[in-house]
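Here's the structure, in structure tokens; my notes come after.
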Amino acid sequence: MQMKKNKERKKSHWLRSDRVGYIFIAPSMLTFIIFVFCPMIMSFVYSTETFNMMMTNTKFVGAAHYLKLIGDSRFWNALKNTVYYTVCMVPCQVLFALLAAVALQKSTRFHAFMRSVYFLPAICSMTVVAITWSFLINNDYGIYCYWLRKIGIDLPNLLNSTTWAMPTMIMIGIWKNLGFKMVTLVAGLQSISPTYYEAADLDGATPLKKLVRVTIPMLMPTLTFVTVDSVISSFQVFDQVYVMTKGGPLFSTETLVQYIYSNAFEKANMGYASAVAVMLLLITLVASVPLFQIMKRDEDTLS
Amino acid sequence: MKNMKKALALLLGMSMAAGTGTIALAESAEAEKTVITYWNGFTGTDGEVMQSIIDTYNATNTLNVEVQMERVSWDTLYQQLATSLPVGEGPDITAFATERIGGYAESGAILPIDDIYDSGQVDSSKIPEVFNENLQYDGNYYGVPVNIASLILYYNKDLFDAAGIDYPTSDWTWDDLEKAALALTQEVNGEQQYGFGMATNNTIQMWPIMIWAGGGDFIQDGKSVFNSSENVETITRWANLITNNGIGPATCSGADIDTLFSTGKLGMYFCGPWAAGTFDAAEMNYGMAGVPEGPAGKATLAQGVGMYMTSSAAEEKKEAIYDFFAYWQGMDAQVEWSGSVGYPVANTDAAADERLADNEAVKLFSEQVEYAHFYLQQLTNFTEIDVDIITPALETILLEGADVQQTLDEATAAMDNLLG
């Protein structure tokens, strides 16, 4: 009898609603700790050491890597390129995705078809997309350049130009990721109750007014997510750069992650690469947390 | 009844014992088989030839060795080696170009194999001299030859015919090259056609061929000589032809220039034996000639790829690994490898083999080895010097028209800084 009671108490102990939650999140917490949190701590530890390719001969160097970063023009160049990419990418992406979402939110067959068209690049692998675009826009053998020349437009050699390589990367990045952002926004739009629009109609609101006064405020949570997600992924851009230019020409497309890769795997300098990675983490936090706060505040005041 | 049960049980027991016996036997045969894992970056037609040679070896070797090869792109290979070797999960053997030996040897990622040469299993006197010295690092042998590849001049016959000029020959000088390059550089149906081009990044090095034929070099006696007057003259001449006369694209990758040539947009360029298979498959009308002679004579680039035993290889596999290394240097493997891919022979005895007598490509590529240079050997920081200093220096001159002397002076200072 005593035992049974004990057992029951034990059971109820774990099934109490505030505790059962921990069991539910345990698998993802575990994954997070093993694959995100521990590597994060390890890269901080590595950033204070030097070691060779075999990870032997380890020496503690303290902040030496961080001090070296300050005077490393390649690091500042990579940071500048990453910011360039992000600053151009995020507003364009969010704006175009919003316009496309508003235009294509109805559930007619045509709209659904067009949504699939926009979404198509998002499900393709970036590597494949990047290789294909490199071929299409090559000035010497690319079909797009050939057609454009036929109508009198002579493009520069985009990916081999220090001026044009980065804008080209940004355009392709937008094209690739637009669809996913759009679909997220469409989902947000469709969850807005039609009663708001009916009320607006009764008040005689113009379509533009409805967009600014009803749609965007109601969409704020989704917009916040899309923007922050876009900032974070832009800071971490790598696959596209690696496949299309490897950071060239003359480091004009070298982003922070490309620079981390080149230090870690081409020069076997894991310690320094880890220091750059830690800096990237800090920079991403500094950029995305305030953004999140600001947008959250807007969201609160509007709702 | 009871007896019958007993008998059945006995029978069952016996058959079970016999069964486990055969399983045990099979296991011991399996255990004797030594599996060697081999990672490399031969992803072209050369890799298929290599696989067929390995299949033959697996079927015929007497030590019950099975070599299992995995091919990935070279970039991916270095990345996978970097993450697998430190934790002992790497391949038993691997292959890469000799300029990378320093970095791997210094950290103990690949192991010295002097005893394979001491015991005569592999004869070092049969290896072309320039290759032999670069299989060693710091007085120890680390590799055995896989292949040596020299670069030659490929040309598109159709473009030469259309321009009405003679095909290149191995007697050509820089002046002949320049004249033909200028003649081939023109607009055809509104499309730019180049005469002669050199890739600058992510490529087998092409500019060094010009540097050496012009009498210059990169490093001598541990010091950079990149800003020598010969180099300034060489780079000024060819950069001028590229940027002012547009004989070739200013900067591009190795993959880009291969595509330019195979799409008929480029008249001539330097490339190695591996390209021929691709051009044959595209049914191109192309020819091959020896590299042109510069002011300081003929010179070309050769790249040696070696095979190495890694730190992940268990001690008891060493005998099997050496057996495979020795087999690769043997006449049959060498003849099939060179004959099928066009690589110059890495075992000089094979050059005289009658099976290769009629192979024009092998003959041409082998001739080039005589005046071939290896690029930036015996360094632990090959990538920094090549990718971070020399390539950007050339690209700054070609893309931004930077002053040649000043750019080379800066590059030289940066190199000396790394060379210590």
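These protein sequence lines map, in sequence, to chains A and B. Letter by letter, the first sequence follows residues 1 to 303 of this note's numbering. Letter by letter, the second sequence follows residues 304 to 723 of this note's numbering. Cβ atoms here follow ideal geometry from the backbone N, Cα and C, with glycine treated the same way.
{"Query": "Taking C-beta to C-beta, are G517 of chain B and G551 of chain B nearer than 8 Å?", "Result": "no"}
{"Query": "Measure the CB-CB distance between L659 of chain B and G642 of chain B and report whether it falls below 8 Å.", "Result": "yes"}
{"Query": "For L414 of chain B versus T397 of chain B, is the C-beta spacing smaller than 8 Å?", "Result": "no"}
{"Query": "Please state the DSSP three-state secondary structure of P471 of chain B.", "Result": "coil"}
{"Query": "In chain order, what residues of the stretch 367-400 of chain B put their CB closer than 9 Å to some CB of chain A?", "Result": "D378, Y381, Q382, L384, A385, T386, L388, P389, V390"}
{"Query": "Between the stretch 236-258 of chain A and chain B, which residues of the former have CB atoms less than 8 Å from a CB of the latter, in chain order?", "Result": "K246, G248, P249, L250, F251"}
{"Query": "Excluding the 5 residues preceding and the 5 following T699 of chain B in the sequence, name in chain order all residues of the same chain whose CB lies nearer than 8 Å to its CB.", "Result": "A705, T710"}
{"Query": "Would E687 of chain B pass as a contact of K267 of chain A if the rule is Cβ separation under 8 Å?", "Result": "yes"}
{"Query": "Please state whether DSSP places C555 of chain B in a helix, a strand or coil.", "Result": "coil"}
{"Query": "If you measure from the beta carbon of A165 of chain A to each beta carbon in chain B, is any gap under 8 Å?", "Result": "no"}
{"Query": "From the beta carbon of N530 of chain B, is the nearest beta carbon of chain A less than 8 Å away?", "Result": "no"}
{"Query": "Taking just the CA atoms, how far does C92 of chain A sit from L219 of chain A?", "Result": "18 Å"}
{"Query": "Starting from F399 of chain B, trace the beta strand (DSSP E) both ways and give me its first and last residue.", "Result": "396-400"}
{"Query": "Around the Cβ of E703 of chain B, are there at least 16 other Cβ atoms within 10 angstroms (buried) or fewer (exposed)?", "Result": "exposed"}
{"Query": "Which chain A residues sit within Cβ distance under 9 Å of E673 of chain B?", "Result": "Per Cβ cutoff of 9 Å: no residues; E673 of chain B is ~32 Å from chain A at best."}
{"Query": "Would you mind working out which of A:V228, A:I260, A:T222 sits nearest D239 of chain A, comparing C-alpha positions?", "Result": "A:I260"}
{"Query": "If you count every other CB in all the chains shown that lies within 10 Å of the CB of C38 of chain A, and 16 or more means buried, which is it?", "Result": "exposed"}
{"Query": "Which parts of the stretch 422-484 of chain B are runs of the beta strand (DSSP E), unbroken and 3 residues or longer, counting only runs that do not cross its ends?", "Result": "446-453, 455-459"}
{"Query": "What span of residues does the alpha helix (DSSP H) with R115 of chain A cover, start to end?", "Result": "109-123"}
{"Query": "Assuming G179 of chain A is part of the alpha helix (DSSP H), what are its boundary residues?", "Result": "165-190"}
{"Query": "How close, in whole Å, do the beta carbons of V228 of chain A and S191 of chain A come, if the pair is a contact with beta carbons under 8 Å?", "Result": "Rounded, the Cβ-Cβ distance is 19 Å, inconsistent with contact."}
{"Query": "Taking DSSP as the reference, what is the three-state secondary structure of M509 of chain B?", "Result": "coil"}
{"Query": "Does the Cβ of A502 of chain B have 16 or more other Cβ atoms within 10 Å, making it buried, or fewer, making it exposed?", "Result": "buried"}
{"Query": "So F265 of chain A contacts chain C; which residues on that side make the cut at Cβ distance below 8 Å?", "Result": "No chain C is part of this structure, whose protein chains are labelled A and B."}
{"Query": "I need the straight-line Cα distance from D691 of chain B to I25 of chain A, nearest angstrom please.", "Result": "46 Å"}
{"Query": "If you follow the alpha helix (DSSP H) that F573 of chain B is part of, which residue opens it and which one closes it?", "Result": "Segment 569-574 is the beta strand (DSSP E) holding F573 of chain B; no alpha helix (DSSP H) there."}
{"Query": "List the whole-angstrom C-beta distance separating A542 of chain B from L667 of chain B, where the pair is believed to meet the contact cut-off of C-beta under 8 Å.", "Result": "Rounded, the Cβ-Cβ distance is 29 Å, inconsistent with contact."}
{"Query": "Please decide whether D140 of chain A counts as near chain B, where near means a Cβ-Cβ distance under 8 Å.", "Result": "yes"}
{"Query": "Rounded to the nearest angstrom, what separates D201 of chain A and L211 of chain A at their Cα positions?", "Result": "12 Å"}
{"Query": "Quick check: what's the CA-CA separation for K296 of chain A versus L285 of chain A?", "Result": "16 Å"}
{"Query": "Less than 8 Å between the beta carbons of T581 of chain B and S565 of chain B, yes or no?", "Result": "yes"}
{"Query": "How is F668 of chain B classed by DSSP in three states: helix, strand or coil?", "Result": "helix"}
{"Query": "From the beta carbon of Q495 of chain B, is the nearest beta carbon of chain A less than 8 Å away?", "Result": "yes"}
{"Query": "Between the C-alpha atoms of Q529 of chain B and W164 of chain A, what's the straight-line distance to the nearest angstrom?", "Result": "Sequence inspection shows Phe at residue 529 of chain B; the Gln mentioned does not correspond to that position. Their Cα atoms are separated by approximately 30 Å."}
{"Query": "Between V183 of chain A and R115 of chain A, which are expected to be in contact by the criterion C-beta below 8 Å, what is the C-beta distance as a whole number of angstroms?", "Result": "7 Å"}
{"Query": "For the structure I just gave you, are there three or more beta carbon pairs, one from the stretch 670-684 of chain B and one from the stretch 432-440 of chain B, closer than 8 Å?", "Result": "yes"}
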